[in-house]
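A quick write-up on the structure given underneath.
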Amino acid sequence: MTRARTQVLECLSSMEVPASARQLSAQLGNEHDQATVYRALHYLEDKGYLDSFVLHCDAHGTERYFVVRPHRGAGPSAHRHWFHCEVCHRFTDLGQCHLDELVAQMGQERGLEIRAHTFYATGVCRECLSRPPLPLSSFTQGSEH
12 MTRARTQVLE CLSSMEVPAS ARQLSAQLGN EHDQATVYRA LHYLEDKGYL
62 DSFVLHCDAH GTERYFVVRP HRGAGPSAHR HWFHCEVCHR FTDLGQCHLD
112 ELVAQMGQER GLEIRAHTFY ATGVCRECLS RPPLPLSSFT QGSEH
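Numbering (the working numbering), first residue to last: 12 to 156.
Put into structure tokens, the structure is as follows:
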């Protein structure tokens with residue numbers, strides 16, 4: 012494996028949450044240009060080390076990558092799903108996938124062989140829900156109607 016691919020995989024392995032190519036590039040100290048980081052991510056995803064999903068978020072809408080198979084010959088890790096808070100933009104690992112039986116049943120009912128699935132949830136996290144809402148005046152100050 013090339014040095015860039017190894018560094019990208021090790022960097023992403025050290026992160027607790029899914030990361031964008033831009034975040035990885037910054038974490039690597041911009042040692043590799045953006046194109047090299049993207050090529051490494053796509054290679055690692057094709058080889059089954061990583062998985063990704065497109066985050067539909069107005070503030071941070073971009074593809075996110077996470078490790079599914081650890082580096083250095085370890086076996087596959089558990090398939091995981093994520094929650095993204097629309098307020099603070101933090102990710103929460105939802106744990107091991109429990110959708111496999113449901114996905115297999117959907118495929119069987121429709122005569123399909125489903126080989127993979129992607130799931131992430133969005134909403135508001137516990138911490139943001141517990142904060143008092145901002146007063147309406149904070150949204151209208153300075154605007155003249």
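Glycine included, each C-beta is placed from N, C-alpha and C at the ideal position.
This structure is a prediction, so every number in the text was calculated from the model and none was measured.
Task: Coil, strand or helix - Gly84 by DSSP - done: Any answer about Gly84 is weak, because its pLDDT of 45 lies below 50 and its placement is not dependable; what the coordinates show is given next. For Gly84, the three-state secondary structure derived from DSSP is coil.
Open item on the list: Given a cut-off of 7 Å on the beta-carbon distance, is the pair Arg16 and Ala51 in contact?
Closed with: In this structure, Ala51 lies closer than 7 Å to Arg16 by Cβ.
Open item on the list: Distance check for Cys22 and Glu42, CA to CA, integer angstroms please.
Closed with: Taking the straight line from one Cα to the other gives about 12 Å.
Open item on the list: Starting from Thr11, trace the beta strand (DSSP E) in both directions and tell me its first and last residue.
Closed with: Past the boundaries of the shown model lies residue 11; the chain is included only from 12 to 156, so the question cannot be answered.
TODO: Starting from Val78, follow the beta strand (DSSP E) in both directions and report where the run begins and ends.
DONE: Element bounds for Val78: 74-78.
- [ ] Helix, strand or coil for Thr13, going by three-state DSSP, please let me know.
- [x] It is coil, neither helix nor strand.
TODO: Would you kindly report the start and end of the unbroken beta strand (DSSP E) that includes Asp104?
DONE: Run containing Asp104: 102-107, per the beta strand (DSSP E) assignment.
Open item on the list: Quick check: what's the CA-CA separation for Arg91 versus Lys58?
Closed with: One C-alpha to the other measures close to 18 Å.
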